[in-house]
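Undergrad: Take a look at the following structure, please.
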Amino acid sequence: MAGGTSIDGGAINIKGARSNETEYYLDGIRVSGAIPPVQGVEELAGAAQMRTKFRDYAYWQPHLVTDTNGEAVFQATFPDDLTGWNAYAIATDTKGRAGVGTTRTRASKPLTAQLAVPRFAIAGDQFDVAGRVTNRTRDSVDIATRFLLNNKVLRENEFRILEGKAEYVSLEIPFDMDTAFVAYDLRSSLLSDGEQRNIPVLPVGTLETEGQFLLLERDTNFTISFPAGLHPVTLHVENSPLDLLLKDVEYLHQYPYGCNEQTAGRLIALLSLKKIKNHLKEPFAFEKDIKSCLKRLKNTQSTDGSWGWWANGTPNTWMTVYVARALYAAQQSGYKVEGLDRALSMLRLHLPAMHPSDQCSALALLRQSQVNIDCAPYLVYYDSLRNTTLSTRLNQLTLKQLCGKELVKDSLSKYINRTTFGGIYFGSGETGWYDRRAVHTLQAYDIARTAGWTDITHGIERYWLQSRPVQRNTIETAKILEAILPGLLGDRDTLRPIRLNVNGARIDSFPLTMYFDPAQGQSLQMVKTGSGPLYLTAYQQWHNPAPAARSDLFEVTTQLLLANGRPATNLKYGESATLEVQVLVKSAADYVMIEAPIPAGCGYGDKVQKGGPEVHREYFKDRTAIFCERLPVGKYTFSIPL
């Protein structure tokens, strides 16, 4: 390639190395000789134009073919950014030869009005926006400028400029606005220009949901009542649990963070989605995403075969077992997996020194992976224990199964807790990482499934489905998805149609979503018939602008500090500050994520990766996420430079 050349607003002319001298196009018309000079000011005069389309790329033409003269021409409309654009032309011929050419296009105008605004705003925010006028003509000029908010003029000004001028206006964002359309324009006797920038407005407070999830397996009738209010009632009904699990898959697939745990959870979700799609005889469109997860986990593995929470983090036995299980599942699904053998060797080597719960999980994975290892010595340790916790008792049952011993059903069923609607769970909801209801219930499910106690496994599945409105973390969501899916795919009876009567209206087609006006209060009379199960959610959802702070486990306070360490309530343009987040931990917790919202109009100073209790930070446009593997009881301070 000899190169690619572009003229503002015109066509792009790509020429081969053996073509004649470079030729130029302006508005689609070939121009001979050198690049034509910029027109005079008078020639550019016209109707006022507001530039509104801004993006980081101008064009993409992947299928161009040159003609016999070695030329390829296409039209390209550039965005409205006043900036420089780098263009790259890459070409090959039928003989396998390749080349690349580059060029640069500069977008400018003789007289410009540019606007500087925050990347986002919070409802009720107050801040200044800046307008800047630049004059590239040879003479001073009289102009009139305006600031507008949603097409309403905020301020007008008139002055004479030689080179340029900056001016500011204060904005207050209303609480009922979801997007602020801010504009700044100028007009002279001959020229005009302007920019409009759209600022996303985030609401104050939190999104709250209140309602019920019901699993209906028999013929029944009942009433659900909602108090009068302004929040609409949504009724959603499914007759297949697969549709519910697809929502969990989507949650894991779209989760914004990329630590090793979440990458492994995303991999489990995508493998589950592929099984569901195969079961439904539908195409699967995420092979690339699965391979991306496998590549990321390969790249973040330590040289000894372990994984930490994040790349280059401290090796973590629990994380290594969790990631290795996901890789084993991928291998069983036919994918080429690198690093699994090294991980299994590392787990076998360090097995005697592991935490008892990690020991059980690692032993199960090693035995499942056909690694020859004797689990009997570990069972001797558990048999010698007295005053054991539920965690150690479940570990003991797991080890007995791994050693080939037959269990008595009462050894597990005596720890059962039941919900009002027949769900089964284990444990009381402690906050310790190894001693939580979710961990106990998952382990009990594995024990019952191995033993063939279907009444217990079905009861646990019922509990998991009933408790779906409770927001689970990604680990629990992925592990429940992995546990529950094989049974559902093997039981076609779960897909049988059923019938529902809602306030006299008969419904026999699912899934179904209905909305009800709660202004006078709402009662839903339900009658369900049919032999198949029905999964019903009825809820109200609203944005609470002033949620009550919770302080049972943590107390969180924040403040803005200036460079001199003094607290600040207002920040000036270009001024450095620090957002200080203080967390008082009342009960020790493992694997904690702290999200700190960033004030509108602020960018980051140094994107530091602090030490101490935190192991990683993720910096987003509107928030910073701080990850801590363990937070013992105490007070911690986290600083975010702005």
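In my numbering, the protein residues as written are 12 to 653.
Heads up, the beta-carbon is just placed ideally off N, CA and C, and yes, glycines get one too.
(1) So, at 7 Å on beta carbons, what are the nonlocal neighbours of proline 367 in its own chain, with the 5 sequence-adjacent residues on each side left out?
(2) Just curious, the beta strand (DSSP E) that methionine 61 is in, first and last residue?
(3) Have a look at serine 317 and proline 363 and give me their C-alpha separation to the nearest angstrom.
(4) Can you list, in chain order, the stretches of the beta strand (DSSP E) that have 3 or more residues and sit fully within the stretch 170-210?
(5) So, are the CB atoms of aspartate 204 and arginine 157 less than 9 Å apart?
(6) Could you tell me the boundaries of the alpha helix (DSSP H) in which cysteine 304 lies?
(7) Going straight from the alpha carbon of proline 267 to that of phenylalanine 631, what length do you get?
(8) Just checking, does the stretch 576-586 make contact with the stretch 556-564 on the three C-beta pairs under 8 Å criterion?
(9) Enumerated in chain order, which unbroken segments of the beta strand (DSSP E) with a length of 3 residues or greater are wholly contained in the stretch 72-105?
(10) Beta-carbon within less than 6 Å of cysteine 639's beta-carbon, same chain only, minus the 5 sequence neighbours each way: which residues are those?
(11) The beta strand (DSSP E) that contains alanine 141, what's its start and end?
(12) Which of helix, strand or coil does DSSP assign to proline 388?
(13) Would you give the residue range spanned by the alpha helix (DSSP H) that arginine 378 belongs to?
(14) Please state if the CB of phenylalanine 527 and the CB of glutamine 593 are separated by a distance shorter than 9 Å.
(15) Is the beta carbon of leucine 476 closer than 9 Å to that of leucine 255?
(16) Using only alpha-carbon positions, find the residue among Leu281, Glu249 and Ser251 that is nearest to glutamate 261.
(17) Which residue's Cα is closest to the Cα of alanine 98: Ala69, Val212 and Arg353?
(18) Alpha carbon to alpha carbon, how far is threonine 399 from leucine 573?
(19) Going by the beta-carbon positions, is the gap between aspartate 380 and tyrosine 339 smaller than 9 Å?
(20) Express the C-alpha separation of leucine 213 and threonine 452 in angstroms, rounding to a whole number.
(21) Measuring only the C-alpha atoms, how far is leucine 225 from valine 180?
(22) With the cut-off set at 9 Å, would you say proline 544 and serine 587 are in Cβ contact?
(23) Can you name, in chain order, every residue of its own chain whose Cβ lies under 7 Å from the Cβ of glutamine 370, other than the five neighbours on each side?
(24) Does the distance from the C-beta atom of methionine 540 to that of asparagine 514 stay below 9 Å?
(25) Residue range of the alpha helix (DSSP H) that aspartate 352 falls in?
(26) Is the Cβ-Cβ distance between phenylalanine 170 and lysine 163 less than 9 Å?
(27) With DSSP collapsed to three states, give me the class of leucine 590.
(28) Should threonine 325 be labelled buried (16 or more other beta-carbon atoms within 10 Å of its own) or exposed?
(29) I'd like to check one pair, leucine 547 with leucine 246: are the Cβ atoms closer than 9 Å?
(30) Would you give the residue range spanned by the alpha helix (DSSP H) that valine 128 belongs to?
(31) DSSP three-state label for tryptophan 553, please.
(32) Please name the residue in Thr569, Asn250 and Ala341 whose C-alpha comes closest to that of aspartate 519.
(33) By alpha-carbon positions, which one of Ala335, Ile491 and Gly350 ends up nearest to threonine 314?
(34) Here's the rule I'm using: 16 or more other beta-carbon atoms within 10 Å means buried, otherwise exposed. How should serine 439 be labelled?
(35) Can you give the beta carbon distance from glutamate 272 to threonine 485, rounded, assuming they're within the 8 Å contact cut?
(36) With the cut-off set at 9 Å, would you say aspartate 567 and isoleucine 605 are in Cβ contact?
TA: Let me lay it out:
(1) Thr403 and Asn406
(2) First-last for methionine 61: undefined, no H or E at that position.
(3) 16 Å
(4) 175-183 and 190-198
(5) no
(6) 298-311
(7) 10 Å
(8) no
(9) 82-86 and 95-103
(10) Val603, Pro624 and Glu625
(11) 137-146
(12) helix
(13) 367-379
(14) no
(15) yes
(16) Leu281
(17) Ala69
(18) 53 Å
(19) For the sequence presented, residue 380 should be read as serine rather than aspartate. Contact: yes.
(20) 38 Å
(21) 53 Å
(22) no
(23) Leu362 and Tyr389
(24) In the sequence on display, residue 540 carries threonine and not methionine. No, these two residues do not count as a Cβ contact at 9 Å.
(25) 351-361
(26) no
(27) strand
(28) exposed
(29) yes
(30) It is not in any alpha helix (DSSP H) - valine 128 carries neither H nor E in the DSSP assignment.
(31) strand
(32) Asn250
(33) Gly350
(34) exposed
(35) 7 Å
(36) Residue identity differs from the one stated: residue 567 is valine in this sequence, not aspartate. Contact flag set, yes.
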